[in-house]
Amino acid sequence: MIDSTYANKSTVAQIRQRFDNDVERFSNLQTAQSSTVDAPLALELITSAAAATNPDATHFLDVGCGAGNYSLKLLEKLPNLNATLIDLSQPMLDRAKERVQAVTNGRIHTHQSDIRELELGESQFDIIMAAAVLHHLREEAEWTAVFQKFYRALKPGGSLWISDLVTHTAEAIEQMMVERYGRYLTELKDEAYRDHVFAYIAAEDTPRPLLFQIDLLR
Numbered sequence: 025m026i027d028s029t030y031a032n033k034s035t036v037a038q039i040r041q042r043f044d045n046d047v048e049r050f051s052n053l054q055t056a057q058s059s060t061v062d063a064p065l066a067l068e069l070i071t072s073a074a075a076a077t078n079p080d081a082t083h084f085l086d087v088g089c090g091a092g093n094y095s096l097k098l099l100e101k102l103p104n105l106n107a108t109l110i111d112l113s114q115p116m117l118d119r120a121k122e123r124v125q126a127v128t129n130g131r132i133h134t135h136q137s138d139i140r141e142l143e144l145g146e147s148q149f150d151i152i153m154a155a156a157v158l159h160h161l162r163e164e165a166e167w168t169a170v171f172q173k174f175y176r177a178l179k180p181g182g183s184l185w186i187s188d189l190v191t192h193t194a195e196a197i198e199q200m201m202v203e204r205y206g207r208y209l210t211e212l213k214d215e216a217y218r219d220h221v222f223a224y225i226a227a228e229d230t231p232r233p234l235l236f237q238i239d240l241l242r
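According to the numbering used here, the sequence shown holds residues 25 to 242 in order.
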């Protein structure tokens, strides 16, 4: 049974179709996530921090890899890692594999799958990255199960890196951040673009607060 809270949200098939049709935009390191505040900075900081934390890494996992931007940026810092790429969209996955193959001599494994359904195994990865993907999880049980998968899949000393949309438990802060984000989108393009982004967030996304996600790591 689908929780009534999420009954009107986009289905997995609908989300997959949207990304199937947007490969070219997501293939640009600078503009792929232009609707996200400071997306290029987050890309640089997360991959730099992952490389600094696990400098001897041999294998990484990119969850919701899209066209492979996070993988490419990590491989700039830690060349020739073995890569496992997961995405709902086969066209995105094909583009990511093509781009990653061009910059690494490591093995590349791809899985066209939903992270909720894919088994990751145990102690497989030194680094797991999940960028702009976990906000598609729905019920709390799904969040818990996915974080447990990540924990089991990490090698001892491995690290998990998440960049994503979040909500805020304090209503005043939530409203402040929504308004701030709306101004960012309007300045980036215009009010119509702001309304377009807010509409697909409302239709498609179910982000959770940062503290909720931290609790899942305890």
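Glycine included, each C-beta is placed from N, C-alpha and C at the ideal position. Since the structure is predicted, the reported quantities are computational estimates derived from the model, not experimental observations.
No residue range can be given for Val47, since it is assigned to no alpha helix (DSSP H) and is classified by DSSP as neither H nor E. Judged by beta-carbon spacing, Thr82 lies within the 7 Å limit of Asn106, meaning their Cβ atoms are closer than that value. Excluding the 5 residues flanking it on each side, Ala63 has same chain C-beta neighbours closer than 6 Å at Gln57, in chain order. Within the model, the alpha-carbon separation for Ala37 versus Glu195 is close to 32 Å. Here Tyr224 is exposed: its Cβ has fewer than 16 other Cβ atoms, across all protein chains shown, within 10 Å. Inter-residue distance for Val170 and Ile139 is about 7 Å (C-alpha atoms, whole angstroms). Its Cα nearest to that of His135, the residue Arg119 stands out among Arg119, Thr60, Thr230 and Arg42. The three-state reading of DSSP puts Asn129 in coil, since its state is none of H, G, I, E or B. Note: Trp167 is not bridge-paired with any residue in the DSSP secondary-structure output.
Ranked by Cα distance from Val47, the options Glu146, Arg176 and Asp111 are led by Asp111. Distance between Phe84 and Gly90, taken at the CA atoms: about 15 Å.
For Gln148, the secondary structure class from DSSP, reduced to helix, strand or coil, is coil. For Ala73, the closest alpha carbon among the candidates Gln148, Leu102, Ile132 and Phe50 is that of Leu102. Cβ-Cβ separation between Leu99 and Val124: approximately 7 Å, consistent with a contact (criterion under 8 Å).
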